[in-house]
Amino acid sequence: MIIKILGPGCANCKNLTKAATAAVKELGLDATIEKVEDYAAIVGYGVMSTPALVVNEKVVVSGRVPNLAEVRTLLTAANQ
Amino acid sequence: MSIAERIPTTTRGRVGILVAGVGLWALAYWVNEWLWDAVLYNAFGMDPESRVTETIHFFLYDSLKILLLLAIIIFASTVLRSFMSVERTRAFLGGKREGVGNVFAAGLGVITPFCSCSAVPAFIGFVAAGVPIGVTMSFLIASPLVNEIAIGLLLTLFGWQITALYVVSGLTIAIVSGWILGRLHVEKWVEPFVFDVKLGGEVIDPSLGLTFGQRMQMGVEEVKTIIKKIWIYLLVGIGLGALIHGWAPAEFFTTYAGPDNPFGVLIAVFIGIPLYSNAAGIMPLVAALYDKGLPMGTLLAFMMAVVALSLPEMILLRRVLKPQLLAIFITTTGLGIIAVGYLFNAILA
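Structure representation (structure tokens):
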């Protein structure tokens, strides 16, 4: 599973990265977490509100920081 | 368990939890009204007439009061604004022409939840969707200038007239500045890569598909995030306010920046631009200076300069705007703020 965190590196992006890392660990997923900070690439995903969470090249959340429980649900759904 | 999971899903349960929340808030506000009298005068036996006691009292009372006001203002505005999104705003502005577009963009800039760290992707996204540069700038100017926390605090501390003046003048600055930028055909001063970016993927609208519980949770989390971020500004602002309130002689500020000084507004704006705080941090200071006789126009201009023109935001915008355009942007917004300051001083005198 490829997880990407889209955002220029503000506090929200860091919180989202933290939640994603924790969720991956809890679920025992085989996943890589990548940061995407390039603005053209971010907009390339159709994202205008950062941070955004991309799982296997699909945007699942944008413009807010989901909490750990929600990230866990999203990753579980994407893993099936 | 997250907050969203603990919030009841029945209408009755939801109303119940909101009523309970507001009740607790009102109780805390009421306790704050007499708590510090009891603690300082009765428990510690301090002299209510002494200036030191008065300063400490002012600081403690104001800190808790502003904190409580902030909590309810941030919560309410976050929950309400969770129904709006930059995506929705862009879709709405897509077909608008200049003029009307500037007016809508400024209005939407106030109600759309927007973090300045999203300024660059939003700018690119707007341009890619065919929103004119001037209209996009109206949005980007209004968003920090007419701040929802400032509206809430002004409303509770100074009443609706001053709040209305603030909102109307902030919107006017955003509309006129954006319109001027559009008239100047500043496309040549936008970094060229902006026009090459293709909007890809599937646009996810963050305002859709949220449950009541999730919106409540967003509200609570936003209160925590903002207070964590600004508490130091807040305490410094209230501390300065308390000192000015108790110790600065009444003539001190009015001599240098009072209604009779024609340069008062200019000085306030030049002091305000490099200061980077936010509306919440600056408001206690504004309130204290107002008590000392500083005119409201000067103070509003000061506040607007602090929130609208900040170095971190300029650095972000530099990614998409060339220096020439950035300079015009700062100049038009700055002149707008100065004009508003003088206008208010004339109206409110």
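Going line by line, the protein sequences match chains A and B. The opening position of the first sequence corresponds to residue 21 in our numbering, with each subsequent residue numbered one higher. The opening position of the second sequence corresponds to residue 18 in our numbering, with each subsequent residue numbered one higher. Every residue, glycine too, gets a C-beta built ideally from N, C-alpha and C.
With DSSP run on the structure shown, which of helix, strand or coil describes residue i?
i	result
T52/A	strand
K45/A	helix
L333/B	helix
M18/B	Because M18/B sits at a pLDDT of 48, beneath the cut-off of 50, its placement in the model cannot be relied upon, and the following sentence gives the value as read from the coordinates. Three-state result, M18/B: coil.
V214/B	coil
L338/B	strand
G351/B	helix
M63/B	coil
D58/A	coil
T272/B	helix
D54/B	helix
N35/A	helix
I343/B	The question names Ile, yet the displayed sequence has Leu at residue 343/B. If DSSP states are grouped into helix, strand and coil, L343/B belongs with the helices.
D79/B	helix
F143/B	helix
F361/B	helix
C134/B	helix
N278/B	coil
A259/B	helix
E40/B	The displayed chain sequence assigns Gly, not Glu, to residue 40/B. Residue state, collapsed to three classes: helix.
A265/B	coil
G29/A	coil
A45/B	helix
A366/B	coil
For the alpha helix (DSSP H) that contains residue i, what are its first and last residues?
i	result
I12/A	Chain A is shown only over 21 to 100; residue 12/A falls outside these bounds and no answer can be derived.
A97/A	88-99
M68/A	Here M68/A belongs to no alpha helix (DSSP H), and DSSP marks it neither H nor E.
P161/B	150-162
N119/B	117-128
T27/B	No alpha helix (DSSP H) holds T27/B; DSSP gives it neither H nor E.
Have a look at the DSSP bridge pairing and note the partners of residue i.
i	result
V127/A	Because chain A is modelled from 21 through 100, residue 127/A falls outside the range shown and cannot be assessed.
Chain B contacts from the stretch 54-71 of chain A (Cβ-Cβ distance under 8 Å): Y59, A60, I62, V63, G64, Y65, G66, V67, M68, S69, T70
Runs of alpha helix (DSSP H) wholly within the stretch 88-115 of chain B (minimum 4 residues, chain order): 103-110
Using a Cβ-Cβ cut-off of less than 8 Å, list which residues of the stretch 73-92 of chain A approach chain B; keep chain order. K78, V79, V80, V81, S82, G83, R84, V85, N87, L88, A89, E90
In chain order, which alpha helix (DSSP H) runs of at least 4 residues are fully inside the stretch 166-239 of chain B? 177-200, 210-213
Using a Cβ-Cβ cut-off of less than 9 Å, list which residues of the stretch 94-112 of chain B approach chain A; keep chain order. Listed in sequence order: S99, S102, V103, E104, R107.
Of the residues that make up the stretch 187-210 of chain B, which ones have a beta carbon closer than 8 Å to any beta carbon in chain A? F210
Within 8 Å of chain A by C-beta, residues of the stretch 150-172 of chain B in sequence order: Residues passing the 8 Å Cβ filter: none.
If you measure beta-carbon to beta-carbon, which residues of the stretch 119-138 of chain B are closer than 7 Å to chain A? C132, C134, S135, V137, P138
For the stretch 285-309 of chain B, which residues have a CB atom closer than 7 Å to at least one CB atom of chain A, in sequence order? none
Those runs of the beta strand (DSSP E) which lie wholly inside the stretch 284-330 of chain B and span at least 3 residues: none
Residues, ordered as in the chain, of the stretch 222-243 of chain B that lie near chain A by beta-carbon distance below 9 Å: D222, P223, S224, L227, Q231, Q234, M235, E238, T242
Identify each residue in the stretch 322-336 of chain B for which the Cβ-Cβ distance to at least one residue of chain A is less than 9 Å, and report them in chain order. Of all residues in the stretch 322-336 of chain B, only L333, R336 come within less than 9 Å of chain A when Cβ atoms are compared, listed by chain position.
Output, in sequence order along the chain, the residues in the stretch 27-59 of chain B whose CB is closer than 9 Å to any CB in chain A. none
Would you list, in chain order, the members of the stretch 24-44 of chain A that have their beta-carbon closer than 9 Å to a beta-carbon of chain B? In summary, the residues of the stretch 24-44 of chain A whose CB is separated from some CB of chain B by less than 9 Å are L26, G27, P28, G29, C30, A31, N32, C33, N35, in the order they occur in the chain.
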